[in-house]
Amino acid sequence: MAITVPNLIKERNFPFILTLSVLLLLCFAFLIFTNTKSNQSLGCTQWFLLCFAFLIFTKNDGVSAAAAVAVINADPNSPRIDWKLCKGTVAVDFIPCLDNFKALKARRHMEHRERHCPDPNPRCLVPLPSGYRIPLPWPKSRDMVRYGIIMSLTQSLLSTRRTKTGCDGVISYVEFIERTLPTVEWGRHIRVILDVGCGVASFGGYLLDKNVITMSFAPKDEHEAQIQFALKRGIPATLVHWDADGGKPLLELNRILRPGGFFVWSATPVYRDNERDQNIWKAMVALTKSICWKVVARTIDSSGIGLKDGKNSSWYVPLSHCLSLLPVDSMGNLFSWPVPWPKRLSSKPPSLSTESGAVEMFYEDTKHWSDLVSDVYLNDLAINWSSVRNVMDMNAHYGGFAAALIDLPVRAMNVIPIDVPDTLSIIFDRGLIGIYHDWCESLNTYPRTYDLLHSRFLFRNLTQRCDVLDVIVEMDRILRPGGYIVVQDNMEIINKLSPILHSLHWSLTLYKDQFLVGKKGFWRPTFGETKS
């Protein structure tokens, strides 16, 4: 590696630079304040030689970043994979578990909104839209989206200025809420928001300016692919089922709303005089009064109120009419509201386990990720962070990776796999967002929505339940061209993944035999090219 000042600054070798500067100053001082006799000149020359020798040997002491990074080339002896493009009218925006029309037997109870994952998992590759281009960088992407990269983008979605929310637009609406409810205190008391029926997510997009992170929800295709629009803008979003089956959705909101939290339900002015929407409003008012959100009954009765269920059970659990118990600690005390943001990011979460050593483990995990991200991820890995906005941590644990990225202009979705300890409540306590997921199935999101996928020791458990090839196909589906994956794992796992990623024409580098970095290209198989 060339020894240059830019390289030294880029690698943050500030102690080394300071030491070198002091030595050089001593050399010049020796030149100025000593005689110019030949034997003394020889001494100066020796001083300079010692200085540059110190520079060379200090710079090469230990393993440099360049020496620790290796490019992984494709192995010509690896088994070939017969890749094919997905077919059908929805192939470009294929979501396997939501587009499995053959599995739909009825629609009476909104079964078409449920997940119906195909078995076996499809191993086709999602084609790129015609004329696809990489999304605009943040923050430009908040207000502009490239035309043609979204499935159902119509003229009404071309300008986010049309997404008024009463008042004089979304900014005035955000300020109106805080004036109405001063205790909201955007960015301090209120940090995490669930926006249901989010439109193009302008509400969540502009709350980012107030240090509020919003999870934006809407049904698939109900609003001209507006969730896809939100994701392309760099605003966290996902897909859910939203219906009015006996008030179950509101009871589900009650389950996930923190005690002391707020529920704000509004409609645009166009719906105010609509008879159907007025009836919905009356039903909602009656339902909120009936459940009395400030008091939760704990007796067992026919309504199911207060029935004890599995802790935080949410994966493939049907909606019900029961009210969940309020969360309590081991002493039976209700969980307190988290400390104000940004302190809550690094403070002990209220839902953290009370087992011995849990607090120490949490703080150690936080420090570990802070050091690892600053020392390795931001400097030594082959990632252009200026092109990264939407990040997904596929095995988030306490959310330490997302917490370490908090000062960067990125937004991370934390995923808690269903086969690991449940820590999702801790992630929300920290002011972050996350979901449960089984990586042996497809994720409820559109293709090409993430810029970076991060996986830390995820595959060791997955290989016991499903084929890694299926997981790679899903990662390829949700990662945009030009996006990155970072896999921290042992060499056995990395050696399994590398041939598959090479067959997809991804470029791969390996850092210190444990960090695999892959960059996805624009390659897709053609009709005349199926083998790779």
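For the sequence shown, the residue numbers in our numbering are 246 to 777. Cβ atoms here follow ideal geometry from the backbone N, Cα and C, with glycine treated the same way.
Which residue marks the beginning of the beta strand (DSSP E) containing residue i, and which one marks its end?
i           : result
residue 727 : 724-733
residue 679 : 678-682
residue 656 : 656-662
residue 361 : Where residue 361 is concerned, there is no enclosing beta strand (DSSP E), given that its DSSP letter is neither H nor E.
residue 696 : 695-701
Would you give the residue range spanned by the alpha helix (DSSP H) that residue i belongs to?
i           : result
residue 603 : 603-617
residue 591 : Careful: residue 591 lies outside any alpha helix (DSSP H) and carries neither H nor E.
residue 388 : 385-388
residue 339 : No alpha helix (DSSP H) holds residue 339; DSSP gives it neither H nor E.
residue 563 : Note, residue 563: premise wrong, no alpha helix (DSSP H); not H, not E.
residue 493 : 493-501
residue 706 : 704-707
residue 424 : 415-425
residue 452 : 447-452
residue 674 : 669-674
Just to confirm my understanding: we take residue i, look at its own chain, exclude 5 residues before and 5 after, and list those with CB closer than 7 Å. What are they?
i           : result
residue 711 : 685
residue 369 : 329, 330 and 331
residue 423 : 429 and 431
residue 771 : none
residue 692 : 338, 339, 371, 722 and 723
residue 738 : 704 and 705
residue 335 : 344
residue 391 : 378, 380 and 381
residue 611 : 591, 645 and 648
residue 238 : The requested residue 238 does not occur in the structure, where the chain is confined to residues 246 to 777.
Skipping 5 residues on each side, what residues in its chain have a beta carbon closer than 8 Å to that of residue i?
i           : result
residue 632 : 379, 382, 696 and 727
residue 587 : 456, 651 and 676
residue 680 : 483, 658, 659, 660, 661 and 669
residue 323 : 744, 747 and 748
residue 501 : 439
residue 360 : 342, 343, 561, 686 and 689
residue 601 : none
residue 760 : 621, 626, 731, 732 and 733
With which residues is residue i paired in a DSSP beta bridge?
i           : result
residue 764 : 729 and 752
residue 317 : 753
residue 431 : 435
residue 573 : 579
residue 688 : Answer is none; residue 688 lacks a bridge partner.
residue 370 : 330
Here's a check: name, in chain order, each residue in its chain whose Cβ is nearer than 6 Å to the Cβ of residue i, leaving out the five neighbours to either side.
i           : result
residue 768 : 750
residue 664 : 706
residue 719 : 687
residue 613 : none
residue 317 : 743, 753 and 755
residue 297 : Low per-residue confidence applies at residue 297: pLDDT is 49, beneath 50, and the placement is therefore not dependable, though the value from the model is reported in the following sentence. Counting only Cβ-Cβ distances below 6 Å, and skipping sequence neighbours, we find nothing.
residue 674 : 583, 594, 595 and 596
residue 654 : 383
residue 448 : 415 and 440
residue 762 : 626, 627, 731 and 754
residue 367 : 341
residue 729 : 628, 697 and 764
So within the region 619-645, which uninterrupted alpha helix (DSSP H) runs reach at least 4 residues, ignoring any that extend past its ends? none
Please confirm if the region 690-704 is in contact with the region 620-640, defined as three or more CB-CB distances below 8 Å between the two stretches. yes
Count the CB pairs spanning the region 605-624 and the region 641-649 that are closer than 8 Å, and state whether there are at least three. yes
I'd like to know if the region 653-672 and the region 581-590 are in contact, where contact means that at least 3 CB-CB pairs between them fall below 8 Å. no
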